[in-house]
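Engineer: Protein chains in written order, with our numbering: chain A, 1 to 503; chain B, 1 to 150.
Printed below as a string of structure tokens:
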């Protein structure tokens, strides 16, 4: 195996290791944890809310900070799951099952410790994974031209639908609506304006910040306000003995290794990612355990496996984005949006044109993971305090941060109005049981998909057979077709439905 | 008499149809072109058509299969949260960050169905306003007006 990537990794550490970058990595991790620890707020709204804070930074620094925010949010979600049994995000749902039971038995410290160390291990492996598999994949993607990219996006969107929660048909429509919204603005080929309604702010396309903050951040608040007053009783038992015992290590290290493996692979699959990885790891742990009945009653393996898996997957899901320019889930779509704002088009070219950016980001992932362990273990007391802060004081502050964030990046009332419009739209979707995450994916991919379809059609003079006559695009489409067939098969369908209700 | 068996899906289907038709209507002046030379309207029309078709599918399915009813929406949180957001956007150009934050927070607290606690609300609003001015204007140096007129 070619170990040249290790050299690149060293360069990456040099690029990422400047004091400025380290500082913003730390700030990102802290802010991410701070927001992510709040019950009911997952990584998507967290990233959306904190995105404006990264706009003023340089490309590498802002990406490092964003990645830090993402890991922080994810880690904060685990803390909340274990201590209050309220997952902030789907990938922590599984952690709740055994983690909170452990906490009830007074072993919150061990659960948090195992989650942190397991995640860190998974993060280390995930980083090496990206460093090793990124370059070959990017080299492969160099052969791609428009038809291949179009086929790849079809495959990515199809698998994203399969992995989405809830109704398949609705997920498909959400993607289509996202694609349509993505076309708002001036058509690059003809200069014609589409769906801009004469609003100047829409000429360059719709900003995705108002959409994401409205649909995820603000709708989340409204949802929480509609529910009964949350009796959030943080664990009254003191969190001490954070370092798991030797026995805990013995019981959990195998689960961590298995979880890391599962997560690393599922992270790469388009549409996969942290949520799927955590569910899969939990199922596997239950299957291999000698005594499966312990699960649900505070089995440490049930915390270690999924936590390692979701972190590994969070890491490796950057691979398709950084090498193919294909975001595999809504969070990666956000990352892609952030990269484009910085003037970087994610894809195979990034590694050639901006190696410092690619390798610096990979290195920063490892640094971020290390920082998380360092800041989380000693600072757990602060997070617990934050958990017990009443929601009536919290939500106005969150609204304020969102609004200042949007206003400070645009200085325009129109963007605030758009945010309000998308809040209403997101609320409607919530009531009608439509999961909005695929919409973001479509929104980001809309213009790219259209562009690649157009170019392919110009190449072939309008003959759609071009997608089937080229081997790579044909195999990608064949894979997409297989995925579609799998959904239609009743057997797989029930497995999928079960996979998401095991909570 | 046709009966809606799954109101949530029926609503979703209708919403999709409306969005798809909107795509057609507002894109009616875009030239479609042909496949080899796609006009600006080609992809939007394709998407709108698919959205309408899928919307019909969802709506028809909802007449056949049973499903959950739509939860009764509560307008109070939605209304006050949106009002507080819009008030901020409208006021910041006119009265500056400090006062628009105070207004926004006070409106936002009405989103909860609870007794109005004047002292707590005002303390929260003023506290956050001071925080925002110091962190965003002095700390991060963002070009937001702190007070009216500048």
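Backbone N, C-alpha and C define an ideal beta-carbon position, used for all residues, glycine too. Note that the coordinates shown come from a computational prediction; the quantities given were computed from them, not determined experimentally.
#1: On the DSSP bridge assignment, give the partners of residue 193/A in chain order.
#2: Are residue 196/A and residue 184/A closer than 8 Å when you measure CB to CB?
#3: Pairs of beta-carbons, one from the segment 259-271 of chain A and one from the segment 125-133 of chain A, closer than 8 Å: are there three or more?
#4: With a threshold of 16 other CB atoms inside 10 Å of the CB of residue 475/A, please say whether the residue is buried or exposed.
#5: Since residue 156/B sits in a beta bridge, which residues does DSSP pair it with?
#6: For residue 170/A and chain B, any beta-carbon pair shorter than 8 Å?
#7: Under 8 Å, with one C-beta from each stretch per pair, do the segment 52-65 of chain A and the segment 20-40 of chain A reach the 3-pair mark?
#8: So, is the C-beta of residue 48/B closer than 8 Å to a C-beta in chain A?
#9: With DSSP collapsed to three states, give me the class of residue 220/A.
#10: Closest to residue 48/B by C-alpha separation, out of 130/B, 26/B and 65/B, would be which residue?
#11: Going by DSSP, what residue range makes up the alpha helix (DSSP H) through residue 250/A?
#12: Candidates 456/A, 467/A, 133/A and 288/A: which alpha carbon is nearest residue 358/A's?
#13: Leaving out five residues on either side along the sequence, give the residues of the same chain with a beta carbon under 7 Å from the beta carbon of residue 510/A.
#14: Which residues in chain A have a C-beta closer than 9 Å to the C-beta of residue 139/B? List them in chain order.
#15: Comparing C-alpha positions only, which one of 415/A, 157/A, 277/A and 406/A sits nearest to residue 480/A?
#16: Any C-beta of chain A within less than 7 Å: which residues of the segment 16-35 of chain B qualify?
#17: Whose Cβ in chain B lies nearer than 7 Å to the Cβ of residue 397/A?
#18: Give the residues of chain B in contact with residue 408/A, contact being defined as C-beta atoms less than 7 Å apart.
#19: How about residue 207/A: is its C-beta nearer than 8 Å to some C-beta of chain B?
#20: Might you give, ordered along the chain, the residues of its own chain that have their beta carbon closer than 8 Å to the beta carbon of residue 296/A, omitting 5 neighbours on each side?
#21: Taking C-beta to C-beta, are residue 9/B and residue 72/B nearer than 8 Å?
#22: Can you pull the chain B residues whose beta carbon is under 7 Å from the beta carbon of residue 221/A, in chain order?
#23: With a threshold of 6 Å on Cβ separation, who are the neighbours of residue 334/A within its own chain once the five nearest residues in sequence on each side are excluded?
#24: So is residue 283/A in contact with chain B if we call contact Cβ pairs under 8 Å?
#25: Shorter than 8 Å from the beta carbon of residue 440/A to some beta carbon of chain B?
#26: Could you tell me which uninterrupted alpha helix (DSSP H) segments, each at least 4 residues in length, are contained entirely in the segment 392-473 of chain A, listed from first to last along the chain?
#27: Straight-line CA distance for residue 49/A to residue 255/A?
#28: Give me the residue from 72/A, 56/A, 59/A and 55/A with the minimum Cα distance to residue 369/A.
#29: For residue 506/A and residue 402/A, I'd like the C-alpha separation in whole angstroms.
#30: Count the other CB atoms, across all protein chains shown, that sit within 10 Å of the CB of residue 469/A; report buried if there are 16 or more and exposed otherwise.
#31: Less than 8 Å between the C-beta atoms of residue 105/B and residue 124/B, yes or no?
#32: Should the segment 27-47 of chain A be regarded as contacting the segment 372-386 of chain A, the criterion being three or more beta carbon pairs within less than 8 Å?
#33: Can you grab the Cα-Cα spacing for the pair residue 351/A / residue 344/A, in whole Å?
#34: For a test of the three-state rule: what should DSSP assign to residue 311/A, helix, strand or coil?
#35: Would you say residue 108/B faces chain A, with C-beta separation under 8 Å as the test?
#36: Mind listing, in chain order, the continuous beta strand (DSSP E) runs of no fewer than 3 residues lying wholly within the segment 104-162 of chain A?
Structural biologist: If we stick to the structure as given:
#1: Position 193 of the first chain, counting from 1, holds the residue named residue 193/A. DSSP, once it has assigned bridges, lists 186/A as partnering residue 193/A.
#2: Residue mapping note: residue 196/A aligns to position 196 of the first chain, counting from 1. Residue mapping note: residue 184/A aligns to position 184 of the first chain, counting from 1. Closer than 8 Å, so yes.
#3: yes
#4: Within the first chain, the letter at position 475 stands for residue 475/A. Classification for residue 475/A: exposed.
#5: The structure shown does not extend to residue 156/B, since chain B is modelled only from 1 to 150, so the question has no answer here.
#6: In the first chain, counting from the first residue as 1, residue 170/A sits at position 170. Chain B contact via Cβ: present.
#7: Result yes; three or more Cβ-Cβ pairs closer than 8 Å.
#8: Translated into the one-based positions of the second chain, residue 48/B becomes position 48. Residue 48/B counts as touching chain A.
#9: Sequence index remark: in the first chain, residue 220/A carries index 220 (1-based). In the three-state DSSP reduction, residue 220/A falls in the helix class (H, G or I).
#10: Within the second chain, residue 48/B is the residue found at index 48, counting from 1. Between residue 48/B and the set 130/B, 26/B and 65/B, the nearest pair of CA atoms involves 26/B.
#11: Start at 1 with the first residue of the first chain, and residue 250/A comes out as number 250. Its alpha helix (DSSP H) spans residues 246-268.
#12: Start at 1 with the first residue of the first chain, and residue 358/A comes out as number 358. Checking every option, the nearest Cα to that of residue 358/A belongs to 133/A.
#13: For residue 510/A there is no data in the structure shown, the boundaries of chain A being 1 and 503.
#14: Taking the first residue of the second chain as 1, we reach residue 139/B at position 139. Result: empty, since nearest Cβ-Cβ is about 11 Å, beyond 9 Å.
#15: Counted from its first residue, the first chain places residue 480/A at position 480. The shortest C-alpha separation from residue 480/A is found at 157/A.
#16: 16, 19, 23, 26, 27, 30, 34 and 35
#17: Walking along the first chain from the start, residue 397/A turns up at place 397. Those are 128, listed as they occur along chain B.
#18: On the first chain, residue 408/A is found 408 positions in, with the first residue counted as 1. The answer, in chain order, is 136, 142 and 144.
#19: Residue 207/A sits at position 207 when you count from the first residue of the first chain. With 8 Å as the cut-off, residue 207/A does not count as an interface residue toward chain B.
#20: Translated into the one-based positions of the first chain, residue 296/A becomes position 296. Excluding sequence neighbours, residue 296/A sits near 97, 98, 101 and 302.
#21: Taking the first residue of the second chain as 1, we reach residue 9/B at position 9. Taking the first residue of the second chain as 1, we reach residue 72/B at position 72. Against a cut-off of 8 Å, the Cβ pair of residue 72/B and residue 9/B comes out as no contact.
#22: Within the first chain, residue 221/A is the residue found at index 221, counting from 1. What residue 221/A touches in chain B: 81.
#23: Locating residue 334/A in the first chain gives position 334, counting from the first residue. Cβ within range, chain order: 47.
#24: The residue labelled residue 283/A in the question sits at position 283 within the first chain. Residue 283/A does not count as touching chain B.
#25: Numbered from 1 along the first chain, position 440 holds the residue referred to as residue 440/A. Cβ-Cβ to chain B under 8 Å: no for residue 440/A.
#26: Runs of the alpha helix (DSSP H) lying entirely within the segment 392-473 of chain A and spanning at least 4 residues, in chain order: 413-431, 437-459 and 466-469.
#27: Taking the first chain and counting its residues from 1, the one referred to as residue 49/A is at position 49. Taking the first chain and counting its residues from 1, the one referred to as residue 255/A is at position 255. C-alpha separation (whole angstroms): 34 Å.
#28: Here the question's residue 369/A lines up with position 369 in the first chain. Closest by alpha carbon: 72/A.
#29: Residue 506/A is absent from the structure shown; chain A starts at 1 and stops at 503.
#30: The sequence position of residue 469/A within the first chain is 469, counting from 1. It counts as exposed.
#31: Taking the first residue of the second chain as position 1, residue 105/B is located at position 105. Taking the first residue of the second chain as position 1, residue 124/B is located at position 124. Yes. Within cutoff.
#32: yes
#33: Residue 351/A sits at position 351 when you count from the first residue of the first chain. Residue 344/A sits at position 344 when you count from the first residue of the first chain. Spanning the two alpha carbons is a distance of roughly 11 Å.
#34: Residue 311/A sits at position 311 when you count from the first residue of the first chain. Residue state, collapsed to three classes: helix.
#35: Within the second chain, residue 108/B is the residue found at index 108, counting from 1. Answer yes: the Cβ-Cβ gap between residue 108/B and chain A drops below 8 Å somewhere.
#36: none
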